[in-house]
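Below: the structure, in structure tokens.
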Amino acid sequence: MSAWFGFFSLDSLSTINIISGYYIGPVPVLFLFGGLALAGSFCLLFASDSGRKRDFLSIFLLVWLAFSIFWTINNVRNIIFSRLAFGQDYDNKKIIRVCSLGDFEGRLCRIFSFLDKSLSDCQPGSRVYIDSPDELKIYLQYYALPQWLPAPSRDRAECLIQYH
Amino acid sequence: MGLLTFFASLIIPGIFLFRLIARTSVWSFIGLASAYALGSSFVAISLFFYFFIFHFSASPYLNLVVWLPALMLGGLDYFVSRSGRLVKSGLSPATLGRASSGLAKLSVFKKITLAIIGIIFMLNLLVLFGRAISQPAASFDSLSMWSFKAKAIFFQSSVDFNADSPLYLGGGGHINYPWQIPLLQYWLSFNVGVYDDLRTNWIFIIYFFALLAAMFSFFKERLGYFQAVILSFFFFSLPLVFYHASNAYADLPLAFYLVLAAVFFYRWLESKRREEAALAGVFLGLSFWIKDAAILFLPAFILAAWLGAGRRLFCRQILGSILAAVLAAAPWLVFKAAYSLGFANVAPGLVFHPAALLSLLASMFVSYSWNIWWFIVLFFALLSLRQWPRNRGLAFAWSLFFFSWLILMLVFVFTNAYQYASDQTAVSRSLIPLAGLSFLAVGLSIKDRL
């Protein structure tokens, strides 16, 4: 039930939606607006003409557009910031330098991304930040080092694990 | 160039297949979307036979495996077309007459609304393309399964049938999962020459747009231009659906095939052309090549078809459609049986976890993955309830959605799959196919009401 009671809390809302990674402030307000529109529509459900129903469609449309505007701003902001963030240093995070070209880099970036840390732009020489080397090691062993990976890539991966 | 060759290898056999089955022109949104679905399944199944049935290794001759059957389909289509003209559209004149004309007749208010929608659409299109060219698939299931299997074949050049190998049947998580998505990623990489996660993003983005095209076409024919744009935009701007447009998961492609099956079944209800029912069955069967969850929708489709068509028509025509579905899915199902792969990913047995229902409802109504869509669905479901007995199309669309939701809910509450609802890992995305089906139902309710 806590999820329902936490409906109006921005923090809980962002926790529920880990998968999307979005954080939009006014969303609960918009949902409240949508809920009110719905409740109002129930009241008129059995005693309205098609004109009134068209009015409710307009309300849904307005709520949708308001949400979509915030959603769009957030999407644009995310993709811009995720690019800009690559160049920044965070002193309290461990840093791995991806050292050479090849399939391995792409794989490594995906692992970091899965760990929900700053995503490198997957270019050689770029830096990614993690704070859980043990977890990284597990994923490197399990996902980044399958049998088909060429030997030089395997060496680089082991080197990276020992780096920690 | 490799990317273009890849997409050409999907759409060309798809066009021939669509013309052969539907006997209608392919040059419409729904025609092209269907051709993409048929073509991508055709190529994936061809590759499946090559690697899994005949146990061959990758070689340059793989091009022949894909292109030669495509040419043969072209030849067959040519000879069949000579014997009879294609129908321009499978829709009845009454249906076509209801569709209103385009932009010119819209009011100023509607034009302003469309302009706002256009701006939001374009900005998010840029975001989507930006993600496609900069962010490789990074989510867990893609990392560990869908893309993993594609890489296993690409780097190994064959499928490992040694049961002791970690790469047995492609390796990764869930070796029992179907192969269309990994094989398409493999085939793209084969055409490009390297495995590039960024370029494989385009497979999913095109599926997303094909689904939008199919929906837009369905709504435009029945509701007119303005409502079609609004509803298609609603689907486009569902945050979770948009996120799945480039994350290399199978949920959105599964939604695409199920929506096509529902669209063609509804078209059959309107026109009673056997070709439409056959296509509905084919798309339902092909959905088994996308994701195992397709099996949950099969009973929902059968029940909804019974309600929509009535007993007499169901027995006369829909059984043929079910046969088409079984034939389309058969190679994969036989392979599954032969290798004892099964459908379940959790321990067998019935349990009772009512909290999973709360998670499901929270995913629908509390999370902002869906904007206010499920509120709108609830509104129209109640509004349309009284129209079901006199409108078979509406009865089909809503009962399909309702039975699908019910089956999904039962799976989460009464099986060990409850864990995926409790930890919120799979419950939201399992709603994506349902969202697609609910759009059809809401659209038909609007048609019936306004």
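Sequences listed follow chains A and B, in order.
Numbered according to the numbering used here, the first sequence spans residues 134 to 297.
Numbered according to the numbering used here, the second sequence spans residues -18 to 431.
For each residue, glycine too, the CB sits at the ideal point set by N, CA and C.
Treat the numbers as computed from the prediction; the structure is a model and nothing was measured.
Put simply, the segment 278 to 298 of chain B touches the segment 382 to 389 of chain B. At least three CB pairs are less than 8 Å apart.
Shown in chain order are the members of the segment 213 to 224 of chain B whose Cβ falls below 7 Å from a Cβ of chain A: Phe215, Ser218, Pro220, Leu221 and Tyr224. Per DSSP, the continuous alpha helix (DSSP H) segment holding threonine 181(B) begins and ends at 178 to 204. Under the three-state reduction of DSSP, threonine 406(B) is assigned to coil, being neither helix nor strand. The beta carbons of tyrosine 401(B) and alanine 407(B) sit closer together than 7 Å. The shortest C-alpha to C-alpha distance from lysine 132(B) to any of Leu107(B), Trp160(B) and Phe185(B) is the one to Trp160(B). Within chain B, Ile101 have C-beta atoms less than 8 Å from the C-beta of isoleucine 202(A), given in sequence order. Exclusion of the five residues before and after valine 423(B) leaves Leu212, Ile357, Val358 and Phe361 as the residues of its chain whose Cβ lies within less than 8 Å of its Cβ. Cβ atoms of leucine 165(B) and isoleucine 184(B) come within 8 Å of each other, at about 5 Å. Chain B places no beta carbon closer than 7 Å to that of asparagine 207(A), leaving this residue out of the contacts. Assigned with DSSP and collapsed to three states, threonine 5(B) falls in strand. Between aspartate 58(B) and arginine 4(B), the gap from beta carbon to beta carbon reaches 7 Å or more.
Comparing alpha-carbon positions, the option among Thr396(B), Ala242(B) and Phe269(B) lying closest to glutamate 256(B) turns out to be Ala242(B). Contact annotation: the segment 410 to 419 of chain B touches the segment 222 to 233 of chain B, with at least three C-beta pairs closer than 8 Å. Taking a C-beta cut-off of 9 Å against chain A, the contacting residues of the segment 332 to 364 of chain B are Leu339, Ser340, Leu342, Ala343, Ser344, Phe346, Val347, Ser348, Tyr349, Ser350, Asn352, Ile353, Trp354, Phe356, Ile357, Leu359, Phe360, Leu363 and Leu364, listed in chain order. Against chain A, the CB of valine 108(B) has a partner CB under 7 Å away; the residue lies at that interface. The beta carbon of phenylalanine 23(B) sits closer than 7 Å to those of Pro(-6), Gly(-5) and Leu(-2), all from its chain and outside the five residues before and after it, given in chain order. One finds Ser201, Trp204, Thr205, Asn208 and Val209 in chain A with Cβ atoms closer than 9 Å to the Cβ of asparagine 105(B), taken in chain order.
Within 9 Å of the CB of isoleucine 211(B), the CB atoms of chain A belong to Leu190, Leu194 and Trp197, in sequence order along the chain. Listed in chain order, the positions of the segment 87 to 101 of chain B with a beta carbon within less than 8 Å of a beta carbon of chain A are Thr94, Ile97, Ile98 and Ile101.
Distance from the Cα of leucine 193(B) is smallest, within the candidate group Asp404(B), Ala305(B) and Phe102(B), for Phe102(B). Proximity to phenylalanine 189(B) across Val89(B), Arg292(B), Ala18(B) and Gly205(B) peaks at Ala18(B), based on C-alpha coordinates.
Just so you know, the alpha carbons of serine 27(B) and valine 196(A) end up roughly 46 Å apart.
Listed in chain order, the non-local C-beta contacts of alanine 39(B) below 6 Å within the same chain comprise Ser138, local neighbours out to five positions each way being set aside. Distance from the CA of glycine 289(B) to the CA of alanine 144(B), rounded to the nearest whole angstrom, comes to 46 Å. Here the alpha carbons of alanine 328(B) and phenylalanine 10(B) stand approximately 43 Å from one another. Around the Cβ of valine 263(B), a 10 Å sphere holds 16 or more other Cβ atoms; the residue is buried.
Per the Cβ contact rule, the segment 387 to 397 of chain B is in contact with the segment 332 to 345 of chain B (3 or more Cβ pairs under 8 Å). Check the Cα spacing between tryptophan 354(B) and each of Phe420(B), Leu308(B) and Leu169(B): the tightest is with Phe420(B). Each residue's CA atom was taken as its position, placing phenylalanine 324(B) and asparagine 157(B) some 7 Å apart.
Below 8 Å, too few C-beta pairs join the segment 165 to 174 of chain B and the segment 199 to 213 of chain B to call them touching: fewer than three. An exposed status is given to tryptophan 8(B), since fewer than 16 other beta-carbon atoms sit within 10 Å of its beta-carbon. A distance below 7 Å between beta-carbons, with the five flanking residues on each side excluded, links asparagine 208(A) to no residue of its chain.
Within the model, the alpha-carbon separation for phenylalanine 199(B) versus alanine 376(B) is close to 17 Å.
Uninterrupted alpha helix (DSSP H) stretches at least 4 residues long and entirely within the segment 5 to 48 of chain B occur at 10 to 29, given in chain order.
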